[in-house]
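Taking it in order: structure first as structure tokens, then the write-up.
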């Protein structure tokens, strides 16, 4: 139990420090529950799960739902694809499956921890870049058959992102996205503002000379992940975190006073933010789509 408490304490405070240190990169740490699930509970993927209609919604079934999500995503890859750029590769589980299917895979992520896990999971069979996608200059232009973005599209700045897509993809190359997009203005102060506006995204794709080949709305199937996220963080993680803080207050009062002075407002903001999670709110403001574009 002490080991779990120390891991949670380290995870929470690391997230707060990283957010202060890395302004734009911090957005890659927003899905705190999924990363926490990976580090503490052994969940392999950092993306949402795809829940079938009859599937029981639980933390245990999340791992099955994530496997279904990965298989469905990979099935969308056109048959003429050989080289894939996995943008925001997570822990490399999807990249591993792509390598096993014979694809030549390059992975990009700004987090050294995730790149390390990706190399480990793929047995060093992928090329990697530890940086923001927009900053990558080492990949040869017009060399990629397909760019894959599984829940990373939302973090990429639109203009440089589309320029990078055009630059790296071959003529007739594909952009496969599985992510959520905003379909309404978010007026809830605690609701996450993440996700690109859908109408604006389609307009930018058109201006970048990309054609939408297919669109699938899977919001209803992935939204249960939000309920699990809320349960894990608000009902389990925060109470344990509060217990760690109370233990620090009793044993190390000076450290507690210093930490409370600098982190109290940040912790309250996090608690309010994650208390506002849930499938209903998610579905009200956002759509989760699988999109396949082709470069003209």
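Numbering (our numbering), first residue to last: 507 to 802. Beta carbons: idealized from backbone N, C-alpha and C, even for Gly.
7 Å CB neighbourhood of residue i in its chain, flanking five on each side removed
i	result
residue 707	687
residue 573	none
residue 788	729 and 732
residue 784	732, 733 and 736
Neighbourhood of residue i by C-beta distance below 6 Å, restricted to the same chain and skipping five residues each side
i	result
residue 647	673
residue 745	none
residue 554	728 and 731
residue 636	618 and 621
residue 657	553 and 685
Neighbourhood of residue i by C-beta distance below 8 Å, restricted to the same chain and skipping five residues each side
i	result
residue 754	761, 762 and 765
Helix, strand or coil at residue i [DSSP, three-state]
i	result
residue 631	coil
residue 798	strand
residue 656	strand
residue 701	coil
residue 615	strand
residue 684	strand
residue 650	strand
residue 582	coil
residue 774	helix
residue 592	strand
residue 638	coil
residue 577	helix
residue 793	strand
Residue j beta carbon less than 9 Å from that of residue i
i	j	result
residue 685	residue 794	yes
residue 645	residue 591	yes
residue 582	residue 682	yes
residue 614	residue 642	yes
residue 599	residue 571	no
residue 669	residue 714	yes
residue 801	residue 675	yes
residue 664	residue 798	no
Alpha carbon of residue i to alpha carbon of residue j, nearest angstrom
i	j	result
residue 792	residue 727	13 Å
residue 809	residue 630	The requested residue 809 does not occur in the structure, where the chain is confined to residues 507 to 802.
residue 769	residue 677	50 Å
residue 609	residue 671	19 Å
residue 601	residue 626	11 Å
residue 580	residue 716	21 Å
residue 734	residue 758	34 Å
residue 662	residue 739	26 Å
residue 693	residue 638	29 Å
residue 556	residue 721	16 Å
Per DSSP, the bridge partner or partners of residue i
i	result
residue 720	798
residue 675	650
residue 662	Note: residue 662 sits in no beta bridge, so no partner.
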